[in-house]
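K.L.:
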Amino acid sequence: MVNMKKNRLNSLKSNYNLNILLNDYYKEMEMAGKNKKLTAAVNLGFPVDLLHAYDIFSFFPQSHSAMYASLRKSREEIEFAESKGIPFDLCSEIKIALSSLYYNRNYIVPLIKPDMVLCSNQVCRAVIKLFEQFSHYYKVPFFMLDIPFVPGEEVSEDSVRYIEKQLETFPDFLHKHFGLELHEDKLLETARLSQEVGMLWYEIVNFGATIPSPVDALDLFTHMFPYMNMKRSKAVFDHYTMLKNEIITRMEDDISAVEDEEIRLLWDYMPVFSKNNYFRRIFQKFNAAVVTNTFFLPGTSKECREGTCGMRSDINTAGGLFKYWAGQFSHLYSGVSINKKLTAISDLIEKYSIDGVIIHKDNSCKPQSLPQQELHNLIRGKLGVPCLTINADSADMRYFSQEQVTTRIEAFLENL
Amino acid sequence: MKTLQFGYVCNNVPVELFHCFNIELNRLFGGGSDFSSADRHFPSFCCSFVKSVFTEFKNRDDLDGIISSISCDAMMTMGDIINVNNDGRHCYTFLSPVSTTNKEAMEFYKAESKKLCRYLAEITGFPFSPRNLQESIKNSHAVSIKARSIVEKLQGIPGSKHKYGDWLKFLHLEYDRNPEDLFAKMGEFEHQLIPGKDQVHVHRVFLGGNIFYIKEVIDAIEESGFKIVDDSFCFSGRMFKRTFAQEDIARLDMLDEDGLFGLLAKKYVGQFPCYSRNIKNDVINGDDDIYNDIKTSRAKSVIFINIKYCDPNALQYYNLNKLLKKEGIPSLFIEYDCQSATIQQLITRIEAFSELL
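Heads up: the sequence lines are chains S and W, in that order. All letters in the first sequence, in the order written, are residues 12 to 427 by our numbering. All letters in the second sequence, in the order written, are residues 98 to 454 by our numbering.
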């Protein structure tokens with residue numbers, strides 16, 4: 012039997028189950044394309060539950076790119092895209108998606124032709140262009156969910172109403188283009204199942220607050236995929252139950268993610284997918300554990316920060332659900348002001364007993380990276396918590412200088 | 098009472114509202130060479146135009162505030178950073194919709210304009226007057242029509258002593274005048290547009306992109322033998338091509354307050370696109386506003402100048418270029434970074450492009 016305490020990089024056993032789940036998901040995606048099942052290309056910030064209530068298969072083209080990065084196949088795809096004139100400074104995930112779209116570069120996982128393109132502006136403006144291109148290239152209908160930015164501390168009622176009104180038009184969009192009818196009962200049932208999966212996921216994430224932390228947040232990040240992308244099936248529910256039980260067992264057996272944990276870190280933004288093991292090794296050298304991630308936050312509202320933002324049991328109409336979703340989406344971490352982000356980070360620092368913050372400044376993801384320098388200054392200045400910014404890219408390793416990053420992390424951790 | 102002076106940047110700010118409260122607007126063109134204050138707040142891969150606008154606002158003590166509009170990711174961050182580091186001046190974030198194609202976006206724009214209107218009434222101490230807004234809309238419309246008339250003349254007059262570059266320079270210098278003064282100045286400019294000695298070799302070029310006025314680049318294009326016939330720059334082509342509908346102007350006096358805000362929404366949500374928004378344009382299949390403008394202007398080539406790190410523009414150009422290639426229209430794509438400006442390199446590329454044609 013493997014001694015997890017000695018073999019520090021031994022990952023979660025549930026990672027294996029995640030691979031099976033992902034494999035099944037991509038097989039289902041391929042089959043959906045062949046069996047003429049309705050499919051939708053979506054991005055972060057679009058309520059996938061709404062699609063699943065119609066039995067529409069949803070997929071995230073950016074996840075396809077993340078997969079290439081995890082498998083260390085992204086560089087050749089990116090360079091191929093650049094050789095075709097796709098702009099050099101563009102986000103690496105979009106470059107990979109475009110080379111799949113225009114040049115059929117699908118040799119790892121197939122990116123199927125969607126029947127519709129559903130876009131939210133929560134990620135960035137460049138992704139809107141990518142999604143428009145999908146829609147135009149395949150000549151399929153496009154639906155935009157515009158989620159306004161939150162400039163201050165409060166979300167305006169007009170913004171929430173605007174999101175709600177757009178969501179209300181979505182059933183008409185599906186009816187107009189595909190003749191589909193909304194079944195309210197099915198929608199509510201899907202939303203409730205999703206709520207259960209969500210609660211399970213946040214229970215898992217909260218284990219990171221235990222000292223020492225039984226789970227590494229960088230390892231946990233990949234387990235977000237089923238929650239973000241996949242239909243809330245029994246397989247997904249079972250996966251999170253398995254993950255939760257594994258973590259509980261670890262806690263009972265006094266196994267922590269990092270042996271002799273001394274330093275607890277918060278990671279801001281996505282991991283560098285192909286360098287997860289490198290980061291875990293270097294952190295472990297200093298008995299440092301990454302215990303949570305800003306991406307794990309369900310939202311930045313007070314209720315979300317306190318863990319009480321779940322769907323109320325008295326929501327029993329589609330309209331009520333759209334209103335609830337509108338409120339939730341308007342608080343997503345990616346679309347709020349620096350001050351609101353800082354409040355959320357401050358809560359995480361307290362809840363997870365954080366000693367230092369690592370900010371991943373992702374060269375590709377401009378909207379998320381642009382405010383990070385200011386956040387860095389405020390975390391240090393206002394919150395008095397040490398902070399380190401690492402320059403990298405979630406998929407393009409040409410922007411990652413390992414020796415420089417090592418030197419900086421070592422200096423940072425030595426001084427904590 | 099002192100007249101308030103506000104800075105603003107993008108085309109989705111309803112300038113008519115400011116004029117009707119007698120607030121002087123200053124379009125921030127950025128540029129400059131000192132980025133030290135911006136570098137403290139923004140990463141190296143941030144659009145240098147945004148950094149330069151941030152620096153300009155910081156350095157301009159004459160401005161009482163700024164209207165930051167959510168036109169793109171970088172502009173959104175700039176407004177946020179100014180808010181966080183508030184130096185006591187007004188900083189208002191105007192939420193304009195990203196979507197331009199649905200009626201919900203129009204309603205949202207209307208609601209946000211009304212909110213802005215209440216804010217302007219509060220800081221100026223003046224009550225909102227629908228009559229003033231009507232006047233302001235009329236003046237703004239007249240300016241746009243005059244601007245298009247000048248561009249059409251510049252396109253048609255061979256060998257005029259005025260070049261298109263003079264028009265861009267004129268806009269850069271005179272932009273901040275109130276609409277009535279600007280209209281009068283435009284009249285003077287238009288009056289001077291008389292044919293001159295015809296040039297031996299002219300090659301009609303359309304300028305695309307999102308840059309501000311860069312004199313050296315515009316001069317280099319014209320000195321290389323190009324005749325600029327139209328543009329899609331934010332401060333000129335994009336600004337004036339879409340205005341109020343003539344029939345709406347005709348019934349302006351009959352509109353109530355809500356109707357007037359509806360007109361603002363109609364103009365600004367559906368106006369000539371900034372590619373960082375979701376627009377109906379289908380550049381892959383040839384239905385694109387810039388592409389149509391290129392065709393209408395009868396340009397024989399296109400020079401597309403993109404501010405470095407503006408992904409939506411660069412991405413749109415990628416497809417526009419494919420479309421132009423099919424049509425046999427040569428194009429040149431230039432990226433400009435004002436922080437590490439290498440004007441001479443750009444000029445060399447423009448000259449090389451001209452020699453190839």
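Ideal Cβ placement from N, Cα and C applies to all residues, glycine included. Computed from a prediction, not measured in an experiment: that's the story for all the values here.
1) Does DSSP classify Phe160(S) as helix, strand or coil?
2) Give the interface partners of Gly176(W) over in chain S, defined as CB-CB distance under 8 Å, in chain order.
3) From which residue to which residue does the beta strand (DSSP E) around Arg275(S) run?
4) For the structure I just gave you, are there three or more beta carbon pairs, one from the segment 337 to 355 of chain W and one from the segment 237 to 246 of chain W, closer than 8 Å?
5) What three-state label does DSSP hand Ala300(S) in the structure shown?
6) Checking 8 Å against the spacing of the C-beta atoms, do Tyr148(S) and Ile164(W) come in under that value?
7) Determine the direct distance from the alpha carbon of Gly129(W) to that of Gly318(S), and round the result to whole angstroms.
8) Taking the alpha-carbon positions, what's the Leu429(W) to Ile400(W) distance?
9) Please name the residue, chosen from Ser210(W), Glu452(W) and Met351(W), that lies closest to Glu320(W) on a Cα-to-Cα basis.
10) Excluding sequence positions up to five away, which residues of its chain have a Cβ less than 7 Å from the Cβ of Ser134(W)?
11) DSSP three-state call for Tyr36(S): helix, strand or coil?
12) Taking the straight line between their C-alpha atoms, what separation do you get for Pro378(S) and Phe191(W)?
13) Would you verify that the beta carbon of Asp386(W) is, or is not, closer than 8 Å to some beta carbon of chain S?
14) Within 10 Å of its beta-carbon, does Gly222(W) have 16 or more other beta-carbons around it, so buried, or fewer, so exposed?
15) Are there 16 or more other CB atoms within 10 angstroms of the CB of Phe189(S), so buried, or fewer, so exposed?
16) So Pro225(S) and Ile274(S) are supposed to be a Cβ contact under 8 Å. How far apart are they, rounded?
17) Which of helix, strand or coil does DSSP assign to Met253(S)?
18) Identify which residue in Lys313(S), Asn298(S) and Glu361(S) has its Cα closest to the Cα of Leu427(S).
19) What ranges does the alpha helix (DSSP H) occupy inside the segment 155 to 216 of chain S, keeping only unbroken runs of at least 4 residues that lie completely in it?
20) If you reduce the DSSP assignment to three classes, tell me which class Glu121(W) lands in.
21) To be precise: take each residue of the segment 79 to 99 of chain S, compare its Cβ to all Cβ atoms of chain W, and keep it if any distance is under 7 Å. Which residues remain?
22) Rounded to a whole number of angstroms, what is the C-alpha to C-alpha distance between Met12(S) and Tyr65(S)?
23) Reducing DSSP to helix, strand and coil, say where Ala234(S) ends up.
24) Quick one, which of Ser94(S), Arg83(S), Leu359(S) and Arg419(S) has its alpha-carbon nearest Ala220(S)'s?
25) Does the beta carbon of Cys320(S) come closer than 8 Å to any beta carbon on chain W?
26) Going by Cα to Cα distance, which pick from Thr400(S), Gly56(S), Phe145(S) and Asp325(S) is closest to Leu343(S)?
27) Taking Cβ-Cβ distances shorter than 9 Å, what residues in chain S pair up with Cys435(W)?
28) Thr305(S) touches chain W at which residues, Cβ-Cβ below 9 Å?
29) Could you check if Lys106(S) belongs to the surroundings of the ligand SAM, using beta carbon to heavy atom distance under 7 Å?
30) Applying a beta-carbon distance threshold of less than 9 Å, which residues of chain S neighbour Thr190(W)?
31) Which same chain residues end up closer than 8 Å to Ile349(S) when comparing Cβ atoms and leaving out the 5 residues on each side of it in sequence?
32) On a CA-only basis, which of Phe232(S), Thr50(S), Met127(S) and Tyr280(S) is nearest Lys352(S)? Give me that one, please.
33) I need the straight-line Cα distance from Glu232(W) to His194(S), nearest angstrom please.
34) Look up Met127(S) in the DSSP assignment and give the residues it is bridged to.
35) Answer yes if the segment 204 to 214 of chain W comes into contact with the segment 108 to 127 of chain W, meaning at least three C-beta pairs across the two stretches below 8 Å, and no otherwise.
36) Tell me which residues share the same chain as Leu156(S) and place their Cβ nearer than 6 Å to its Cβ, disregarding the 5 neighbours each side in the sequence.
P.N.:
Reading off the structure:
1) coil
2) Pro162
3) Ile274 to Asp279
4) yes
5) strand
6) no
7) 48 Å
8) 5 Å
9) Glu452(W)
10) Thr152 and Lys155
11) helix
12) 18 Å
13) no
14) exposed
15) exposed
16) Rounded, the Cβ-Cβ distance is 16 Å, inconsistent with contact.
17) helix
18) Asn298(S)
19) 168 to 189
20) strand
21) Gly96, Ile97 and Pro98
22) For Met12(S), the predicted structure reports a pLDDT of 36, less than 50, and the residue's modelled location is therefore unreliable. The matter cannot be settled from this model.
23) The residue you asked about is not Ala; residue 234(S) is His in the sequence shown. Coil at His234(S), not helix or strand.
24) Leu359(S)
25) no
26) Gly56(S)
27) The premise fails here: Cys435(W) is roughly 15 Å from chain S at the closest Cβ pair, so nothing lies under 9 Å.
28) Here the premise fails: no neighbours, minimum Cβ distance about 16 Å.
29) Summarising the ligand content, the structure contains no ligands, and the ligand SAM is consequently not present.
30) Phe160, Pro162, Gly163 and Ser348
31) Pro382, Glu385, Leu386 and Leu389
32) Tyr280(S)
33) 51 Å
34) Ala51(S)
35) yes
36) Phe57, Ser131 and Gln177
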